[in-house]
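A short worksheet on the structure shown next.
Residue numbers (the working numbering): 9 to 690.
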């Protein structure tokens, strides 16, 4: 059937365009349907279909150069290999700028016979919108014997699924489910119980298809899901979101891979790369196994990760399968608050998965229920997983925890933290505790300080159910370990019936915490056992010599006479001392300060004299000149030090420029390098 160049094709009230290989027919294939139109509208149960019920392939459906394709009220476009048929289903290709499905309308390619289902391709749309339980699907139905279901390939700028709408590729018979690929989207929004999924259903034999979503923005809201699962005999598919700007999950929405009860096969992996990942209001990214197979791994590569409001990233095993690992890598910042958590758990016989957080800058865990957990549950026999974290700044507060606890028969896991700073505040915990088995180990390598506040604790205690098990070991390497003595923050490696663990601390100083034999209401470091041997506590502090780097001071008293220059002439040609006045200081301590720098002449004179102060130069001392007349003697060219003195007729002391023979003062007064002056000064 060909409609080569129509402006509009409209089918209403159960109308149809179809080609078929009917039951009992033996044909090579049914005919194709080719429509070339600007507008295609199907309403009220109308159909375009190509099918086979006999021997022969179903035909192809091709819609070209449409601006608009609308399906509403249970209308459909489909290709099918029906029950008992032998042949492959045809493909559906829809070339349109806008595709809209509403009110349970469908685009489908399926097989229930002996042959593969066809594929669905939408190659270059501006917008694809599915609303009110509408769907795009490929399927291998129950009873089919096929190699695989067809793929779904959508290339669109905007994909919106609302109100229970679906894009799905599944197998319920013999054959693999198809792949779902969404390319070059700017926006993919799922809301109100909508989903994108691939599935191996109960009784099926085949692997699930992968889901690849290439978009800048992915938003899931109100219980919407992206899922790849297996409940049959086959592996679940993987989910990949390769290069998004933002991924947001809100209000019970999820991205998940699962091996369901009764399945035989491994769960698929989840790989997500985005600049920003936000999980809110009980949303989750999860990988699980409840069947005979391992859970898939989860790898999140995001610059900013926020998990809040009881949301989680989890990998769980409830059977003999191994739990998946969780890696959050290349992040700058990670926050889990208000019950947000990252969790690997085993409820079965195999080990819980490991958690790795490679965060360059900050990690914050805050609020009861928030944290990182690699635990085992009561009744399980598998070991707890391991946790590795390496941020620059790590803060755990307000009841948040990192735990590798074992409540079953398995051993607790290990915690390893490498950080610049680590702060535990307000009942925060690092825990590798066990109910009745060997406690896990905790290793902390801190560049700056470890700070414990307000009943926080680091514990590898074993036998919390008052049973056996040795306490795990705690190794801390930090320059400083800080706490508040009265706040009951503890570092413990205790046991009940088993041996206490070992605590090894390398630090420059511990403030606020002390080693004690038993736990007390104070901040303690303990490695005791209630009924077994106590563990050991080793604190390795570097031996610092407090005198290292100090200079030895002289013990001899200084001979001040050696500081006086005996040759005043030589001293005059060296350094000088210039007195410029008191600088505003009072003469007596009882006087007030003066703002003026003053000069006080303390000489005793016979009569008041007029003084003139003259600064000759910065390198010469002040000299005083009086208004007395000059003497008749010529002014000496050079002033020399006094060499002697005599008593004048009136009892005054007269200094002389040469030694006085009658009262010699010793040869040290005569310096050969000072010229003699015969002039005396009165």
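Glycine residues also receive a C-beta, built at the ideal position from the N, C-alpha and C atoms.
Being a predicted model, the structure only gives us computed values, none of them experimental.
- Between residue 453 and residue 485 the beta-carbon gap is near 5 angstroms, inside 8 angstroms, which marks them as a contact.
- Scanning 62, 172 and 73 for the CA closest to the CA of residue 110 turns up 172.
- Residues 197 and 256 of the same chain have their beta carbon placed closer than 6 angstroms to that of residue 227, with the five preceding and five following residues left out of the count.
- Within the DSSP bridge table, the entry for residue 441 names no partner.
- Per the coordinates, the alpha-carbon of residue 477 lies some 10 angstroms from the alpha-carbon of residue 448.
- Counting only the Cα atoms, residue 329 lies some 7 angstroms from residue 297.
- Annotated three-state conformation of residue 494 is helix, per DSSP.
- In this structure, residue 62 and residue 99 do not form a Cβ contact; the two beta carbons are roughly 19 angstroms apart against a cut-off of 8 angstroms.
- A direct Cα-Cα distance of roughly 38 angstroms separates residue 67 from residue 269.
- For residue 523, the closest C-alpha among the options 533, 151 and 416 is that of 533.
- 261 is the residue among 261, 442, 123 and 193 whose C-alpha sits nearest the C-alpha of residue 230.
- With contact defined as three or more Cβ pairs closer than 8 angstroms, the stretch 352-362 and the stretch 320-338 are in contact.
- Residue 398 and residue 426 do touch by the CB rule: their CB atoms are close to 4 angstroms apart, below 8 angstroms.
- A distance below 7 angstroms between beta-carbons, with the five flanking residues on each side excluded, links residue 363 to the following residues of its chain, in chain order: 334, 350, 352, 380, 382, 393 and 395.
- Between residue 49 and residue 25, the CB-CB gap reaches or exceeds 8 angstroms.
- Between residue 547 and the set 188, 92 and 535, the nearest pair of CA atoms involves 535.
- In the DSSP assignment, residue 256 is bridged to 227 and 286.
- The Cβ atoms of residue 259 and residue 295 do not sit closer than 8 angstroms to each other.
- Between residue 406 and residue 375, the gap from beta carbon to beta carbon is short of 8 angstroms.
- Of the residues 74, 143 and 153, the one whose Cα lies closest to the Cα of residue 95 is 153.
- As summarised for the stretch 498-557, there are no continuous alpha helix (DSSP H) elements at least 4 residues long confined to that stretch.
- Exclusion of the five residues before and after residue 280 leaves 249 and 308 as the residues of its chain whose Cβ lies within less than 6 angstroms of its Cβ.
- Between the alpha carbons of residue 521 and residue 421 lies a gap of roughly 26 angstroms.
- Residue 130 and residue 460 have their C-alpha atoms some 58 angstroms from each other.
- DSSP, read as helix, strand or coil, puts residue 419 in coil.
- Between the alpha carbons of residue 417 and residue 503 lies a gap of roughly 16 angstroms.
- Residue pairing of residue 376 in beta bridges, as defined by DSSP: absent, with no partner found.
- A straight-line Cα-Cα distance of about 48 angstroms links residue 316 and residue 18.
- A straight-line Cα-Cα distance of about 14 angstroms links residue 235 and residue 215.
- DSSP places residue 346 outside both helix and strand once states are collapsed to three, so it counts as coil.
- The C-alpha of residue 304 is placed about 33 angstroms away from the C-alpha of residue 88.
- Assignment of residue 261 by DSSP, reduced to helix, strand and coil, places it in the coil class.
- Here residue 52 is near residue 20, since their CB atoms are less than 8 angstroms apart.
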